[in-house]
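What follows is a set of notes on a single structure, which appears directly below.
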Amino acid sequence: MRVRYWRLGITDLLESAYPSEKANHWDIKCMQGEYEHFGVFWYRYGTPFDKEPVHGICFYFNDVPKKTVDDLAAFLQGKFGGQLLYRQARGFLQGSKEFADGKAVGVLANELSLKFNAPVELTVEFEKATKEEVDSEAWKLPAGKALPIPGPD
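If you read the sequence shown in this note's numbering, its first letter stands for residue 7, the second for the next number, and so on.
Pasting the structure below:
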């Protein structure tokens with residue numbers, strides 16, 4: 007089954023023990039105001055860019071100053087590398103370092119929160135999860151924040 011854990015905090019990810027090979031997607035949302043926010047995310051199978059997926063870390067931004075977007079791009083590119091591409095309100099670091107383990111995602115979320123003085127909210131999606139893993143909290147993630155995703159795995 008596919009399952010998404012949402013509205014997670016930094017400590018939820020830092021203390022988690024999920025198998026990173028089951029992670030399909032993660033997202034770190036950073037609030038800058040009521041409607042102003044940006045996020046950093048990753049998809050295992052790539053993020054759509056035109057007709058071809060781009061592999062690497064990506065980010066999006068909504069009503070944040072250009073300086074913040076530039077600072078975010080420079081921070082991520084300096085940390086993970088990759089060729090910077092833009093498409094509307096999204097940035098792509100094509101070929102950047104990719105990771106899915108909870109501790110690395112939690113550390114990045116904490117760094118973003120501190121650097122940009124922003125509260126963060128995390129989401130992690132898994133594929134090939136079992137109901138027992140979710141219900142027993144085997145991955146040390148709260149079962150109450152798990153949302154099963156209908157459809158094939």
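Virtual Cβ for every residue (Gly too), placed ideally from N, Cα, C.
Per the coordinates, the alpha-carbon of residue 88 lies some 25 Å from the alpha-carbon of residue 127. DSSP places residue 89 in the strand class (E or B) of the three-state scheme.
The count of Cβ pairs closer than 8 Å, one atom from the segment 97-107 and one from the segment 139-150, stays below three, leaving the stretches out of contact. Residue environment: residue 142 is assigned as exposed (fewer than 16 neighbouring CB atoms within 10 Å of its CB, all protein chains considered). Sequence-distant Cβ neighbours of residue 86 in its own chain, meaning closer than 7 Å and more than five residues away, are 63, 99, 102, 103. Judged by beta-carbon spacing, residue 28 lies within the 8 Å limit of residue 133, meaning their Cβ atoms are closer than that value. Using a Cβ distance threshold of 8 Å, residue 107 and residue 7 do not count as a contacting pair. DSSP places residue 30 in the uninterrupted beta strand (DSSP E) bounded by 29-37.
A direct Cα-to-Cα measurement between residue 11 and residue 117 gives close to 21 Å. Selection 66, 19, 48 evaluated against residue 59 yields 48 as nearest (Cα-Cα). Exclusion of the five residues before and after residue 82 leaves 46, 63, 65, 99 as the residues of its chain whose Cβ lies within less than 7 Å of its Cβ.
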